[in-house]
Amino acid sequence: MTAQDARVPVLRVRDLVKEYGEGDAKVRALRGVSLDVERGDHVAIMGASGSGKSTLMNILGCLDVPTSGMYLIDGADVGRLDEHQLAVLRNRRVGFVFQSFNLIPRMSALANVELPLVYGGIGQAERRARALAALEQVGLSDRVHHEPNQLSGGQQQRVAVARALVTAPALLLADEPTGNLDTASTNDVLQIMDRLSEAGRTIVIITHEDDVAAHAKRLIRLVDGEVVEDRRQAPVDGPPPRLKEGAAAG
Ligand code: ADP
Ligand code: MG
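Counting in this note's numbering, the sequence shown runs from 31 upward without gaps.
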């Protein structure tokens with residue numbers, strides 16, 4: 031059901047409309063959004079509060095459905111998938127990072143990262159190996175047995191990034207991933223995103239912080255549910271420095 035062809039955009043979005051409510055209470059959160067995201071792109075979506083960013087993100091992440099319009103993930107027309115195909119797509123093709131981390135309490139970092147693989151039906155040995163590799167990618171090899179409340183906010187968000195990556199998704203979606211973090215932890219998460227982007231991952235990040243958006247290769251701006259700007263931007267200077275294991279307690 032999916033096309034691995036490198037020429038197929040990871041995301042193809044056409045005339046997406048999302049309305050909430052009925053009659054006088056009706057809110058048009060998205061008013062016809064169209065965009066393509068090519069493989070390996072790193073896109074920031076910006077906009078004021080209420081401009082439709084989370085609505086768009088939830089639809090792209092298959093957590094909500096549009097009122098009209100269509101979108102393809104990795105070549106698969108999401109509106110035409112049945113429940114099962116949708117669940118598989120959501121589990122394997124999209125990795126989600128939320129502002130509030132959304133880790134499961136009283137489960138180790140390792141168990142949290144393994145969880146999408148449990149749902150994906152992957153055997154225990156492979157699960158463990160892939161989760162450990164994902165935690166290493168975010169510099170947390172020395173924290174794998176810690177539970178969320180034993181980790182700093184920045185470390186929890188890095189666990190969440192590892193959990194999003196562990197299925198090797200076609201697309202990494204992040205909604206204000208640094209919104210709850212201090213400057214040092216924000217920089218850690220941004221460095222990880224930069225390295226993932228350099229390694230060819232496709233990333234779409236929602237943020238209202240200019241310095242976060244500056245890391246992306248492309249900037250899309252939403253106003254009242256419409257794309258008003260879509261442009262390429264020069265990358266921030268220099269290669270991202272390597273993150274030390276367990277770096278930054280922040
Ligand atoms: P952003 O993430 O950019 O702040 P949202 O996508 O959350 O914006 O919201 C866009 C608009 O849709 C806002 O006017 C918001 O009040 C409205 N909205 C969002 N979710 C709902 C909902 N579940 N029911 C009704 N209105 C909603
Ligand atoms: Mg939002």
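Positions of the beta carbon are idealized from the N, C-alpha and C atoms, including for glycine.
- R173 counts as buried, since no fewer than 16 other beta carbons sit within 10 angstroms of its beta carbon.
- Taking the Cα of V40 as reference, the smallest distance to any Cα among P199, N210, E206 and E49 is reached at P199.
- Here the distance from the Cβ of K247 to the nearest heavy atom of the ligand ADP is not below 7 Å.
- In terms of CA proximity to R136, Q180 leads the group Q180, Q115, R158 and M100.
- In the three-state DSSP reduction, I233 falls in the strand class (E or B).
- Here D107 carries a strand assignment [DSSP, helix/strand/coil].
- The closest heavy atom of the ligand ADP lies 7 Å or more from the beta carbon of A106.
- Scanning P96, G91 and L119 for the CA closest to the CA of R58 turns up P96.
- Using a Cβ distance threshold of 8 Å, L203 and V108 do not count as a contacting pair.
- Residue L102 holds the alpha-carbon nearest to the alpha-carbon of D66 among L102, V47, K83 and R225.
- Residue pairing from DSSP places H72 in a beta bridge opposite I233.
- Here the alpha carbon of P265 sits roughly 21 Å from the alpha carbon of V191.
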